[in-house]
Structures are given as C-alpha cells and as structure tokens.
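Undergrad: Residue numbers (this note's numbering): 766 to 1125. Ideal Cβ placement from N, Cα and C applies to all residues, glycine included. Have a look at this one.
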Amino acid sequence: MTKRREDVLLTAAECAERMGLTVRALRVYERQGLVAPRRTQKNWRLYGPAEIARLAEIVALKRLGLSLSGIARLLSGQGADLDGLLAMQQQTLQDLRERAERGLRLVGSLRAKIAAGALLSTDELLTLAKETNMTDTSQDAIAWHRYEQARPRTEIRLDPVLYADYAGHYLLADGIGLVVTRKEDRLFVRVTGQPEVEAFPEAQDAFFLKVVPAQIVFTRGAGGVVSGLVLHQNGYEQPAARVGEEITRNIEEALAARVKNGTPLPDGEALLRSVIAEHRLGEPDYDGMTPPLAALAREQAGAIRDELERLGQLQGLSFKGVSPMGWDVYDVRFENGGQEWGFTLAADGRFAGLYAGPSL
DNA sequence: CTTCTGACA
DNA sequence: TGTCAGTA
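Below, the structure is given as structure tokens:
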C-alpha cells in the first residue's frame, strides 16, 4: 500500500473511463469552470475524490437536461448536495419506470383486443396517444423543480419594514387558504387548518420554510403592491391570489365546523373505494386529482400498489372522523391487515390530498 | 505510448 | 463533443 496517491488520484483518461465520459468532455467541463482538477509537474490533470463527486453531480444534472452553463450557475453558489441530487435521480428514474410500465400494460391490452378481432374505440386510441406521447417533459420539469426546491437555502437579512407588504390573506386554486402574518421582525405562514410556521427570507419577496422544503415567492402587481404569491412545493408551483380576510376566515370556520361535527363528505366512501381500486390496478385517475397531488401520487403509485397487493382483498371500510386538517379519515380493512386512509377534496371536487398509512 | 492545447466540424 | 495535428 505504498501507492496511496494513485488510489485516489486519477488521470484524465482513468477518470473519464470511470465516469463514462471522454477526456474531451472533462476538458470542456473544466473550461466552463465546473471542475478544477489539480495538475502534476508535467501539467497532467489529476482528479481526486472531490472532483469525482463534482463530476457525478454534473453528469446527473446533465441527464436532467441542464445545459453546462445552467449547471455552472447552479453549482456556483453552494457546494455539492450530492445526496439530494441522488434522491431526486432515484425519483426520476422510478417515475420513468412507472410510465414505461403503464404504457406497456396499455399497449399489451390493446394488442390482445386486436388479436381477438376487436376494433379499438376512439377513446382507447386517445389514451394510447396520450400515454405514448407522454414523453412528458412536465414530469421532468416537476423532477427538476423538486430538486430546486430541496436545495439548501441561505437566509439573508431583509428589512422587516418590507414584511408589512406581505402580511395578508391568499387563496390557492384548490380552495386552500394561506394566512401570512408579521410578528415583530419575523414572518409567519399558516395554511388553513394547520399550525403556523416561520418563513425566512432568501431574497426580496422570496421566503423559504424550514419545516418542509417549500418556498413562497410574493408577486407584485401594478404599483408594486403585493397581489399574490406562488407556493413552491412538491415539485409544483401553485399560484395564490390575494384575498380579503373574510375568505380565509370562512374557510377556517367551515373547516372547524366539519371537524367538530365529524360529518363525512357525501359519497366519501364510494370515492375512497374507487381510489383504492384504481391504485390496486396501478392506474390511478390522475385527472381526478389536483396537479400537485397528481405529481405526488405518480411518485407513490408503485409503492401503494405493492402495499395493496400485500394487504390483499378489500373487506370493508368505515368512516372514522374528520382530522384537524379537515381530511376525511377512514379505517380500511383488508384480508391481511388494516390501514387508515384519509383524503380531502378541492373546491372543484377533485382530490386535493390523499394518504394511506398504518392504522393507529 | 500518453497528455495537453487549439482548431475545426 | 469527436477528431486531428503538433508537442512535451
């Protein structure tokens, strides 16, 4: 073990081979300022662990479709958030696999129909077109946003006087309200029915939460008045319009009443049954969900399906109550165990939230 | 035999 | 980013 240095320092060619790159590519990255390998006396490039890690990150970001200059901008600020990036990569690949499996199942069933001499309905052809054409840049966009949102944030000092501009009431498209309040020199945000959390400034008009990877960017209308905000969360960007305080108060009062009375949403049981059935088939109805939930559901569809398979046949479900957040909670019994499912609907009747977990 | 730079596609 | 030339 005398050749310690050779163990960790790679020449350009060695490094390129290990990373699946070419020496040419390494040179390009270096000129872009993405990596800075040190040199030997003969001016040969030497890549150590730090450079290798950096290269891995570059490769991953490139797979996401980022340009070299884009990567340079991203990496210039902070050090490598390798784990966050890998987690995101994993998510992206899982999404990809699920999309491919969906497509394969669909094509398979359609071929079976044709083989049996049947004609395909226009509806089936439309789904086929949709699924296959869904090379879906939007999924990649969501993956990218998720990475962006999960990256470490740095707090800046912002003149608290500005906070007065932000304090107010906001309404998301799915009927959920946000209440922003200023206390002394701090800013707090409350989602209707949820506890208040502090928001920290990272730029003028831009704040981030520490409890979850989410950011809030306030938007200004004519005259520079704050007219709304955009909530960045779960790889999604949801706009919210500024509204009068009575709007959010009504939402919260209605919520409180529902929680107190424990009244289930009409047809809740039937809705839940069909959602469970869809997930068991691995074909959730994403159109019946708000986009942010659909994005989440796509990620978890595989895991939920596996779990449902393990649990076996659905035996029955019973309404348990309304959670403090206003979700209808049901006890769901399966052959091989029980679970607790909860959901909440958006104003337009689509699912805005859905969760499944071990019964408590 | 290898890397490095610069140039061109 | 591949490739080629001319070096060290």
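Of the residues P802, G1033 and G1000, which one's Cα is nearest the Cα of I907?
TA: G1000
Undergrad: Can you list, in chain order, the residues of its chain with a C-beta nearer than 7 Å to that of F1099? Leave out the 5 residues immediately preceding and following it.
TA: L1076, G1077, Q1078, L1079 and Q1080
Undergrad: Assuming L943 and V962 are in contact, meaning their beta carbons sit under 8 Å apart, how far apart are those beta carbons, in whole angstroms?
TA: No, L943 and V962 are not in contact; Cβ-Cβ is about 11 Å, not under 8 Å.
Undergrad: Start and end of the alpha helix (DSSP H) containing K827?
TA: Counting along the chain, the alpha helix (DSSP H) containing K827 begins and ends at P814 to R828.
Undergrad: Cutting at 6 Å between CB atoms, please list the residues of its own chain near C780, excluding the five before and the five after it.
TA: Y812
Undergrad: Does the distance from the CB of S1124 to the CB of E1105 come in under 7 Å?
TA: Yes, they are a contact pair.
Undergrad: What's the C-alpha gap between A821 and I836?
TA: When only Cα atoms are considered, A821 and I836 end up about 12 Å apart.
Undergrad: Residues in the same chain with beta-carbon distance under 6 Å from R918, minus the five sequence neighbours each way, listed in chain order, please.
TA: E967 and F973
Undergrad: Do you know how far the Cα of Y1095 is from the Cα of E1072?
TA: 17 Å
Undergrad: How would you write the range of the alpha helix (DSSP H) that I1069 sits in, first residue to last?
TA: P1056 to L1076
Undergrad: How big is the Cα-Cα spacing for L1110 and G1103?
TA: 23 Å
Undergrad: Give the DSSP-derived three-state secondary structure of K1025 in the structure shown.
TA: helix
Undergrad: State the DSSP-derived secondary structure class of K1085, mapped to helix, strand or coil.
TA: strand
Undergrad: On the CB-based measure, 16 or more other CB atoms within 10 Å of its CB, does T1055 come out buried or exposed?
TA: With 16 or more other Cβ atoms within 10 Å, it is buried.
Undergrad: How is D924 classed by DSSP in three states: helix, strand or coil?
TA: coil
Undergrad: Name the two residues that bound the continuous beta strand (DSSP E) containing G1122.
TA: F1116 to P1123
Undergrad: Nearest to L996 by alpha carbon, out of Y928, L775, I941 and E863?
TA: Checking every option, the nearest Cα to that of L996 belongs to I941.
Undergrad: State the beta-bridge partners of I981 as determined by DSSP.
TA: F972 and L996
Undergrad: Looking at A979 and G744, is the spacing between their C-beta atoms short of 7 Å?
TA: The first residue shown for the chain is 766 and the last is 1125, placing residue 744 beyond what the model contains.
Undergrad: Quick one: is D939 buried, meaning 16 or more other Cβ sit within 10 Å of its Cβ, or exposed?
TA: Buried, by the Cβ-count rule.
Undergrad: Can you say whether E920 is buried or exposed, counting buried as having 16 or more other CB atoms within 10 angstroms of its CB?
TA: exposed
Undergrad: Measure from the alpha carbon of V926 to the alpha carbon of each residue in V982, G1047, R947 and T787, then state which is nearest.
TA: R947
Undergrad: Is DSSP giving R1007 helix, strand or coil here?
TA: The three-state reading of DSSP puts R1007 in strand, counting E and B together.
Undergrad: Relative to the alpha-carbon of L936, which residue among A929, V945 and D930 has its alpha-carbon at the smallest distance?
TA: V945
Undergrad: Going along the chain, which residues of its own chain have a beta-carbon closer than 7 Å to the beta-carbon of L1020, five neighbours each way excluded?
TA: T957, G958 and G1091
Undergrad: Between F953, A880, D930 and A815, which has its C-alpha nearest G988's C-alpha?
TA: D930
Undergrad: On the CB-based measure, 16 or more other CB atoms within 10 Å of its CB, does V991 come out buried or exposed?
TA: buried
Undergrad: Measuring straight from C-alpha to C-alpha, what distance separates L786 and A818?
TA: 14 Å
Undergrad: Is it right to say E1093 is buried, meaning 16 or more other beta carbons lie within 10 angstroms of its own, or is it exposed?
TA: Sequence check: residue 1093 is Asp here, not Glu. Buried, since its Cβ has 16 or more Cβ neighbours within 10 Å.
Undergrad: Assign T1013 to buried or exposed, taking buried as 16 or more other Cβ atoms, counted over all protein chains shown, within 10 Å of its Cβ.
TA: buried
Undergrad: Assuming Q855 contacts L923 under a Cβ cut-off of 8 Å, what Cβ separation, rounded to an integer in Å, is found between them?
TA: With 8 Å as the limit, Q855 and L923 do not qualify as a contact, their Cβ atoms being about 35 Å apart.
Undergrad: So what does DSSP say about V1040, is it helix, strand or coil?
TA: helix
Undergrad: Out of L799, L791, L774 and A865, which one is the CA nearest neighbour of G1067?
TA: A865
Undergrad: Go through its chain and collect everything with a Cβ distance to R1070's Cβ below 7 Å, but skip five positions before and after it.
TA: H1044, R1045 and G1047
Undergrad: So for D1050, helix, strand or coil by DSSP?
TA: coil
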